[in-house]
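Below: the structure, in structure tokens.
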Amino acid sequence: MQVIPVMDLLDGLIVRAYRGERDKYRPIVSPLVNSPHPVKVAKVLLHVTGGSDLYVADLNAIQDMGDNLEVLRKVREETMATLWIDAGTGCLDEVLYLMSEIPSCKVVVGSETLESSEELEKIARKCPMDRVVFSLDIKEGKILTREGSPFWGVSLEEGIDLLKEVEWEKVIILTLDGVGTGSGLPLQMYERAIQRAPEISFYGGGGFSSKNELFALKKLNMAGLLVATSLHEGRIAKKDIEELAS
């Protein structure tokens with residue numbers, strides 16, 4: 001099971017995310033690193049997790065306030081990590097543009113920003129499945145999406161069925177209102193998802209509380225976990241991740 005570190009990038013700096021309340025995000029203060037500079041933070045997080053994948057949310061792009069492409073290129077060049085990039089992509093053209101700009105990245109398509117059923121099908125049909133990841137963004141127990149999206153008003157199970165129909169391979173279940181809180185992961189939600197579509201690789205994120213949850217996720221056969229605050233606060237350490245892999 002992968003443990004993938006997360007960076008939330010705003011105006012060129014790494015900020016601390018909390019419950020999806022983006023207007024309150026501030027540059028991180030962490031015992032792991034003495035700077036919110038993206039390259040420094042990336043190197044430290046990759047060292048702690050021992051992997052080569054790094055999830056980056058470009059909050060400027062997500063909020064239609066420019067982008068951080070130059071910073072993302074620098075992180076990629078300095079770390080050689082495989083970047084999972086959430087830049088608010090909602091259509092095929094945006095996905096293809098990001099793929100062309102950042103070599104070997106995986107583009108995260110979120111339910112929050114997906115434009116339509118047509119775009120979901122086009123992305124699934126025309127993009128290599130190993131370079132796209134879908135994020136089911138959950139808030140207050142419901143899929144967060146825009147009106148007109150195929151995920152509007154549907155249950156978690158119905159949303160997963162939609163992704164099965166287009167043969168999506170990697171899916172994140174991101175509980176936005178748990179981000180940064182340490183309130184605990186929705187393990188029962190993950191279990192329902194895996195039972196619904198065991199052929200999909202599911203990744204969890206938002207609310208990780210303790211290393212005990214790592215082993216609960218492994219037992220569920222989750223493909224991975226996205227973590228940020230818990231790394232900076234020491235609720236999960238390098239030795240825990242090494243023990244998970246043993």
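Position 217, counted from 1, in the sequence shown is what the UniProt record's numbering calls 217; the numbers after and before it change by one each time, with no gaps. We put the CB at the ideal spot given by N, CA and C, even for glycine.
| query | result |
| --- | --- |
| Buried or exposed by the 16-neighbour rule on C-beta atoms within 10 Å, applied to E167 | exposed |
| Opening and closing residue of the beta strand (DSSP E) in which R16 lies | 13 to 16 |
| Assigned secondary structure, T79 (DSSP; H/G/I helix, E/B strand, else coil) | helix |
| Status (buried if at least 16 other CB within 10 Å, exposed otherwise) for H47 | exposed |
| For P150, the three-state DSSP class (helix, strand or coil) | coil |
| Contact set for S117: own chain, Cβ-Cβ below 7 Å, skip 5 residues either direction | P150 |
| Cβ-based neighbour list, T175, same chain, cut-off 6 Å, excluding 5 preceding and 5 following | I138, P186, G206, G207 |
| As assigned by DSSP and simplified to three states, the class of V227 | strand |
| Assumed close pair S209, S183 - CB separation to whole angstroms, cut-off 8 Å | 7 Å |
| Spatial neighbours of I4 in its chain, beta-carbon cut-off 8 Å, leaving aside the 5 residues before and after | T49, G51, D53, L54, Y55, W84, Y203, G224, L225, L226, V227 |
| Buried or exposed (CB count within 10 angstroms, at least 16 for buried), N60 | buried |
| Rounded separation between K239 and S246 - CA only | 11 Å |
| V108 versus E169 - alpha carbon distance | 12 Å |
| Contacts around L13, its chain only, beta-carbon distance under 6 Å, and the 5 residues preceding and following it disregarded | P27, P36 |
| Same chain only: Cβ atoms within 8 Å of V154, ignoring 5 sequence neighbours per side | I143, L162 |
| Residues near Y25 by beta carbon distance below 8 Å, same chain, minus five either side | D8, L10, V15, R16, A17, Y18, L59 |
| Outcome for D93 when other beta-carbon atoms lying within 10 angstroms are tallied against a minimum of 16 | exposed |
| Exposure of D130, with buried meaning 16 or more beta-carbon neighbours within 10 Å | exposed |
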